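Asker: In full-length UniProt numbering, the protein residues as written are 1 to 284. Glycine included, each C-beta is placed from N, C-alpha and C at the ideal position. Just so you know, these numbers come straight off a predicted model, no measurement behind them. Below you'll find the structure I mean.
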């Protein structure tokens with residue numbers, strides 16, 4: 001049992017496992033949409049960033065090196081209290097020579113309540129900055145967003161990319177990266193949306209389904225810096241929830257830094273329930 005990496009066949013395995021593990025009531029965890037969003041950097045880059053642990057040929061844990069010092073890792077529901085798996089994971093992430101995480105300051109995002117996380121605390125890992133997960137139930141129809149919404153296809157990718165770039169500082173999301181993202185396996189269950197302010201594309205989101213009856217994910221959602229304060233964040237979030245409902249998702253999930261009080265307020269205004277804070281673990 002070890003952390004497989006560098007093999008292109010790992011991506012379908014990882015996406016399938018993450019789809020299977022999504023379920024209502026589970027702690028916030030790595031979603032196939034997270035791999036789908038990372039796919040914008042290309043299949044080779046994602047393959048290098050994914051870590052997969054197997055037991056008897058079955059995938060039991062999946063990690064994504066979301067940045068050089070941040071590993072997002074989740075575990076199969078029936079293996080979250082498995083002592084031998086938890087110890088192997090803890091050893092792998094703690095030893096830079098194993099190639100899972102580099103030396104120096106690093107963080108791990110992993111679901112609460114697992115034996116793996118308990119072991120990291122016992123090894124001296126510390127709680128990092130808090131994040132706020134939010135959830136909207138999709139049993140009932142979603143209200144009209146109150147803005148013109150467009151589902152973005154390849155011929156309009158530049159609009160979606162431009163809004164995302166204008167929503168986040170240092171964003172490098174150009175239309176070529178949209179096309180690369182859309183070529184990935186997870187995008188078969190995804191939609192990109194834009195909300196308009198008059199004739200201007202002003203807010204954008206991509207939503208990722210994990211399959212019918214499972215929670216879907218918003219990643220990313222942004223409002224153009226020139227169009228803020230006009231309710232477009234709420235509008236595009238409502239449109240995102242409606243799109244996930246159309247895809248068969250049971251709920252819509254999103255997670256944002258707790259320090260981003262404006263984002264939390266926007267999601268709550270769109271009917272999302274604020275859940276208990278979570279936090280990465282940090283090793284200095």
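Go through the segment 223-277 residue by residue and report every complete run of the beta strand (DSSP E) that reaches 3 residues or more, in order.
Answerer: Runs found: 251-257.
Asker: Between the segment 112-124 and the segment 259-267, do three or more beta carbon pairs fall short of 8 Å?
Answerer: Taking 8 Å as the limit for Cβ pairs, the verdict is that the segment 259-267 does not touch the segment 112-124.
Asker: Residue 190 lies in the beta strand (DSSP E); which residues open and close that run?
Answerer: Taking the first residue of the chain shown as position 1, residue 190 is located at position 190. First-last of the beta strand (DSSP E) with residue 190: 190-197.
Asker: For residue 43, which of helix, strand or coil comes out of DSSP?
Answerer: Here residue 43 is taken as the residue at index 43 of the chain shown, counted from 1. Reduced to three states, the DSSP call for residue 43 is helix.
Asker: Straight-line CA distance for residue 78 to residue 70?
Answerer: One-based indexing of the chain shown puts residue 78 at position 78. One-based indexing of the chain shown puts residue 70 at position 70. Spanning the two alpha carbons is a distance of roughly 25 Å.
Asker: Would you give the residue range spanned by the beta strand (DSSP E) that residue 149 belongs to?
Answerer: Translated into positions along the chain shown, residue 149 becomes position 149. Residue 149 -> beta strand (DSSP E) spans 149-151.
Asker: In three-state terms, what does DSSP make of residue 33?
Answerer: Here residue 33 refers to the residue found at position 33 of the chain shown. Looking at residue 33 - three-state DSSP - the assignment turns out to be helix.
Asker: Taking the straight line between their C-alpha atoms, what separation do you get for residue 29 and residue 171?
Answerer: Numbered from 1 along the chain shown, position 29 holds the residue referred to as residue 29. Numbered from 1 along the chain shown, position 171 holds the residue referred to as residue 171. Straight-line Cα distance between these residues: approximately 24 Å.
Asker: With the cut-off set at 9 Å, would you say residue 190 and residue 163 are in Cβ contact?
Answerer: Taking the chain shown and counting its residues from 1, one reaches residue 190 at position 190. Taking the chain shown and counting its residues from 1, one reaches residue 163 at position 163. No. Outside cutoff.
Asker: Three or more C-beta pairs under 8 Å: does that hold for the segment 56-68 against the segment 7-17?
Answerer: Yes, the segment 56-68 touches the segment 7-17.
Asker: For residue 257, which option in 235, 277, 148, 194 has the closest C-alpha, if you only look at C-alpha atoms?
Answerer: Residue numbering aside, residue 257 sits at position 257 when the chain shown is read from its first letter. Checking every option, the nearest Cα to that of residue 257 belongs to 277.
Asker: Closest by CA to residue 194, which one among 180, 145, 212, 274?
Answerer: The sequence position of residue 194 within the chain shown is 194, counting from 1. If we check each option's Cα against that of residue 194, 145 comes out closest.
Asker: When the distance is taken between beta carbons, is residue 119 closer than 9 Å to residue 86?
Answerer: Sequence index remark: in the chain shown, residue 86 carries index 86 (1-based). Sequence index remark: in the chain shown, residue 119 carries index 119 (1-based). Contact: yes.
Asker: Can you tell me whether residue 49 is helix, strand or coil according to DSSP?
Answerer: Start at 1 with the first residue of the chain shown, and residue 49 comes out as number 49. Here residue 49 sits in helix by DSSP.
Asker: Would the segment 235-251 and the segment 207-222 be scored as touching if the rule is three or more Cβ pairs under 8 Å?
Answerer: These segments touch.
Asker: Where does residue 202 sit, in a helix, a strand or coil, going by DSSP?
Answerer: The residue you call residue 202 lines up with position 202 of the chain shown. Three-state DSSP puts residue 202 in a strand.
Asker: By alpha-carbon positions, which one of 158, 184, 260, 263 ends up nearest to residue 173?
Answerer: Along the chain shown, read from residue 1 onward, the residue named residue 173 stands at position 173. For the residues 158, 184, 260, 263, the minimum Cα distance to residue 173 belongs to 158.
Asker: Of all the beta strand (DSSP E) runs that stay within the bounds of the segment 74-136, which reach a length of 3 or more residues?
Answerer: You should have 106-109.
Asker: Pull up the distance between the alpha-carbon of residue 100 and that of residue 197, whole angstroms please.
Answerer: Within the chain shown, the letter at position 100 stands for residue 100. Within the chain shown, the letter at position 197 stands for residue 197. Rounded to the nearest angstrom, the two C-alpha atoms are 44 Å apart.
Asker: Looking at the structure shown, is residue 176 part of a helix, part of a strand, or coil, going by DSSP?
Answerer: The residue you call residue 176 lines up with position 176 of the chain shown. Helix at residue 176.
Asker: To which residues does DSSP link residue 59 through a beta bridge?
Answerer: In the chain shown, residue 59 corresponds to position 59, counting from 1. Its beta-bridge partners are 54.
Asker: Hey, could you find the ends of the alpha helix (DSSP H) residue 24 is sitting in?
Answerer: The residue labelled residue 24 in the question sits at position 24 within the chain shown. Counting along the chain, residue 24 falls outside any alpha helix (DSSP H), and DSSP gives it neither H nor E.
Asker: Please name the residue, chosen from 192, 141, 177, that lies closest to residue 149 on a Cα-to-Cα basis.
Answerer: Within the chain shown, the letter at position 149 stands for residue 149. For residue 149, the nearest C-alpha among the options comes from 192.
Asker: Between residue 175 and residue 161, which are expected to be in contact by the criterion C-beta below 8 Å, what is the C-beta distance as a whole number of angstroms?
Answerer: Here residue 175 corresponds to residue number 175 of the chain shown, with the count starting at 1. Here residue 161 corresponds to residue number 161 of the chain shown, with the count starting at 1. Indeed, because the Cβ distance is near 4 Å, the residues count as touching under 8 Å.
Asker: Could you compute how far the alpha carbon of residue 81 sits from the alpha carbon of residue 92?
Answerer: By 1-based counting over the chain shown, the position of residue 81 is 81. By 1-based counting over the chain shown, the position of residue 92 is 92. Each residue's Cα considered, the two are about 17 Å apart.
Asker: What's the call for residue 84, buried or exposed, on a 16-neighbour Cβ count within 10 Å?
Answerer: Numbered from its first residue, the chain shown carries residue 84 at position 84. So residue 84 ends up on the exposed side.
Asker: Just to confirm the assignment, what range does the alpha helix (DSSP H) spanning residue 156 have?
Answerer: Stepping through the chain shown from its first residue, residue 156 is reached at position 156. Looking at the DSSP string, residue 156 is not in any alpha helix (DSSP H), and its letter there is neither H nor E.
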